[in-house]
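All remarks here apply to the structure that follows.
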C-alpha cells in the first residue's frame, strides 16, 4: 500500500494508510492524537483535474454529515484546510467503522440467503427513511455494495449494517451538479439527466440486491426496455422477486414513493 508523503495533518491526525484515491481525492485511515481513536480522513486537493463540482460535492458531504445523527451513518468529526506540501485543499474527518463492504463479502465468496437479503433491505430502508424524512430530504445518490458495510457479525446474526460515502449526496432543495453523479449499473435513468429524487435511492437499493443475489454487476446483465433481466439468474420467492422489480422500475413514477412505502415485501 502506498505510503503518504505527509504523516500528520492539522497537528492532530496521524496518517496510517491510504485506503483509496480518485481524481484529486484521497481517503486515509488516520489516528486522532486527541482521542487515540482511528478515523477516516478524506482529502480533496486542488489538482490539475480539479473541478468546482468536486468542491461543491465535498463541501456538501461535510455539511450534510454535520446534520445527521444515526447509528448506521458515519459521524462528522472535523473539517479543515490542511497545510501540506502537495498544495491547498480541504479535509473531512469521520469516525472509523471496522467493517467490510458487501462487495468485499461477495468477492470473498460469501452468499446471502433470501432471509438475509430481506434483512439487508429492511436495514437500508430504515436508513433511507431517516435520510428522506429530513427537511429538506437527503438523497444519497450512490447506493451500491461498496458503500454498504456489514460488520459485528456473531453466530447466525447477519451483523450491523452501515451506509457510507456521502460524497454524492444532495438535498432535495439543492440544485444538482453539472456532472452526472452515481455509479453506472446502480443509478436510475433519471440520474443520467442530472435529476435525483428519494426513490432514486430505492432503485439503487434494488440493483444492490440483484448484485447480492446473482454475484454479477447489474451493468453486465441483459436489459430490455431499460429494465435489467435478472429473474432467471436467481432462486428467490416470487413475491420478493416482484418486490425487487418494483424497486428497479426504470420509470420513477412506477416505483415505491418512499422508503416507508417500500417496506412491504
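Numbering (this note's numbering), first residue to last: 1304 to 1568. The beta-carbon is built from N, C-alpha and C at its ideal position, and this holds for glycine as well.
Going by beta carbon distance, what residues of the same chain come within less than 7 Å of residue i, once the five residues before and after it are set aside?
| i | result |
| --- | --- |
| residue 1481 | The pLDDT assigned to residue 1481 is 47, lower than 50, so where the model puts this residue is not dependable; a value taken from the coordinates is nonetheless given after this. Within the same chain, residue 1481 has close Cβ partners 1356. |
| residue 1335 | 1315, 1316 and 1342 |
| residue 1378 | 1397 and 1398 |
| residue 1565 | 1428, 1505, 1550 and 1559 |
| residue 1250 | Nothing can be reported for residue 1250: it is not among the residues displayed for the chain, which extend from 1304 to 1568. |
| residue 1512 | 1420, 1424 and 1547 |
| residue 1521 | 1488, 1489, 1510, 1513, 1514 and 1531 |
| residue 1432 | 1562 and 1563 |
| residue 1383 | 1313 and 1394 |
Assign residue i to one of two classes, buried (16 or more other C-beta atoms within 10 Å of its C-beta) or exposed (fewer than that).
| i | result |
| --- | --- |
| residue 1552 | buried |
| residue 1529 | exposed |
| residue 1316 | buried |
| residue 1372 | exposed |
| residue 1560 | exposed |
| residue 1439 | exposed |
| residue 1320 | exposed |
Suppose the cutoff is 6 Å on Cβ atoms and the five residues either side in sequence are ignored; what does the same chain contact list for residue i look like?
| i | result |
| --- | --- |
| residue 1396 | 1342, 1344, 1380 and 1381 |
| residue 1353 | 1327 |
| residue 1311 | 1317 |
| residue 1450 | 1467 and 1468 |
| residue 1430 | 1375 and 1466 |
Have a look at the DSSP bridge pairing and note the partners of residue i.
| i | result |
| --- | --- |
| residue 1451 | 1466 |
| residue 1472 | Partner(s): none; residue 1472 has no beta bridge. |
| residue 1320 | 1332 |
| residue 1545 | The partner list for residue 1545 (beta bridge, DSSP) is empty, contrary to what the question assumes. |
| residue 1383 | 1394 |
| residue 1531 | 1526 |
| residue 1312 | 1316 |
| residue 1325 | 1328 |
Rounded to the nearest angstrom, how far is the Cβ of residue i from that of residue j, given a contact under 8 Å?
| i | j | result |
| --- | --- | --- |
| residue 1516 | residue 1550 | The pair is not a contact, with the Cβ atoms about 13 Å apart (cut-off 8 Å). |
| residue 1444 | residue 1503 | 7 Å |
| residue 1474 | residue 1447 | Incorrect: roughly 20 Å between the Cβ atoms, too far for contact. |
| residue 1392 | residue 1347 | 5 Å |
| residue 1400 | residue 1452 | 6 Å |
| residue 1472 | residue 1363 | 6 Å |
Can you list, in chain order, the residues of its chain whose CB lies under 8 Å from that of residue i, leaving out five sequence neighbours each side?
| i | result |
| --- | --- |
| residue 1493 | 1499, 1500, 1503 and 1555 |
| residue 1525 | 1531 and 1532 |
| residue 1426 | 1375 and 1464 |
| residue 1536 | 1516, 1517, 1519 and 1524 |
Please report whether the beta-carbon of residue i lies at a distance below 8 Å from any beta-carbon of chain B.
| i | result |
| --- | --- |
| residue 1487 | Judged by its chain identifiers, the structure shown contains no chain B, having just a single protein chain. |
Would the C-beta of residue i count as close to the ligand NAP, meaning under 7 Å from any of its heavy atoms?
| i | result |
| --- | --- |
| residue 1390 | Looking for the ligand NAP in the displayed structure turns up nothing, as the structure carries no ligands at all. |
Review point. Of all the alpha helix (DSSP H) runs that stay within the bounds of the stretch 1388-1451, which reach a length of 4 or more residues?
Key: 1405-1410 and 1417-1435
**Study point:** Segments assigned beta strand (DSSP E), at least 3 residues, entirely inside the stretch 1333-1374
**Key:** 1341-1348
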